[in-house]
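Worksheet for the structure shown next.
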Amino acid sequence: MAVEAPVLVADDLSLLYPARSGHAEVRAVDGVTLTVASGEILGVLGEAGSGKSTLARALAGLAHGRRPPEGSPRIAGGELFVLGERIRTISSRRRDRLTSRVGYLSQSDGDALKPDLTVAEAVAEPLYERDRRFDRIEAGHRVAQLVDAVHLPMSTMRKQTWELSSGQRQRIALARSLVLEPTVLIADEPARGVDALVRQSVLELLRSIHTGRSFSAVVVTSSVGEARAVADRVAVLRAGRLVGLGELDVVLEQTVDPYVKVLSQTSPIDIIPASDRTPKKHR
């Protein structure tokens, strides 16, 4: 039986933000090597400024080989492959096609929803951005399924996004990131800034959709409890460098890095661990 290729490959990857408007060049990720297998959920753990959000953007196909647009990182060393595409040399047309297969949810996407759209319109918008003639009945089915999946009543679809709480908006942003039925989901702290109940529901949603559709995912977090809840393996970043990679408990027990030692002493939040799911084999 042929071995399925990883969906994400970073090989000695370094990412930087070029100098702009008097600000010096910033190297955000330095020599990271990791893979994400088909069907795997990788948790990326790190404190503020560790490079985890920059790595997430790169894994979503938003890094550039040269002259990146404002706010996007440049690949300064190593290689990055997303769904088999070499990101360093990818053309604009191929990147556009690639990003339709990679869902990306940032920690602020809930707040960025257009206030003049209804919830149904906001969730469906990526479909029509890709194809103005997308079937409206199919779009309606997808939107309804996702609104239900994020634990909101169907009546929510008729509301405008400004009428929702911050937690509800973040759940709608998660639904929106999944409406294109991506092969890979990159979620950058998807439960940040919401209360414990909403955080639980967001993580349960990630698990349940992953179980039903078997997509791959990268979930960025600063919480050991959240990583334990959703991730099959974790990558721990500190100051842009990879300081731990593997199953969470093994990383916490065997890694000597001081930051990992601090993580090992953190009390996890009360979330059902990923170990309660059907175990997977990893490379």
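Numbered per our numbering, the sequence shown spans residues 550 to 832.
The beta-carbon is built from N, C-alpha and C at its ideal position, and this holds for glycine as well.
Here the structure is a predicted model, which is why all the values come from computation and not from measurement.
Note on geometry: alpha-carbon atoms of R720 and M703 lie some 14 Å from one another. Contact between the segment 610 to 629 and the segment 691 to 701 is absent, with fewer than three C-beta pairs closer than 8 Å. Residue burial is scored here from C-beta neighbours: D665 has fewer than 16 other C-beta atoms within 10 angstroms and is therefore classed as exposed. Spanning the alpha carbons of S813 and T710 requires a straight line of approximately 39 Å. Comparing alpha carbon positions, the residue from P567, G600, G633 and T603 closest to T584 is G633.
Counting only runs that start and end inside the segment 609 to 648, the alpha helix (DSSP H) elements of at least 4 residues fall at 641 to 648. In terms of CA proximity to S563, G626 leads the group V767, V769 and G626. Secondary structure at D697: helix, using DSSP grouped into helix, strand and coil. Residue environment for D579: buried (at least 16 other C-beta atoms within 10 angstroms of its C-beta). In the three-state DSSP reduction, A736 falls in the strand class (E or B). Per the coordinates, the alpha-carbon of L794 lies some 43 Å from the alpha-carbon of D684.
DSSP, reduced to helix, strand and coil, places S655 outside both helices and strands of the structure shown, so it counts as coil.
With respect to L727, G652 sits close: the two C-beta atoms are nearer than 8 Å. With respect to the C-alpha of E589, the residue from R616, I735, L662 and I686 having the closest C-alpha is I735. Its chain contains D737, E738 and R741 as the residues whose beta carbon lies nearer than 6 Å to that of Q656, once the 5 sequence neighbours on both sides are disregarded; these appear in chain order. Sequence-distant Cβ neighbours of E553 in its own chain, meaning closer than 8 Å and more than five residues away, are A586 and S587. According to the DSSP assignment, L812 belongs to the alpha helix (DSSP H) that extends over P807 to S813.
Between A722 and G659, the gap from beta carbon to beta carbon is short of 8 Å. With a cutoff of 8 Å on beta-carbon distance, T582 and A605 are scored as not near each other. Under the three-state reduction of DSSP, D798 is assigned to helix.
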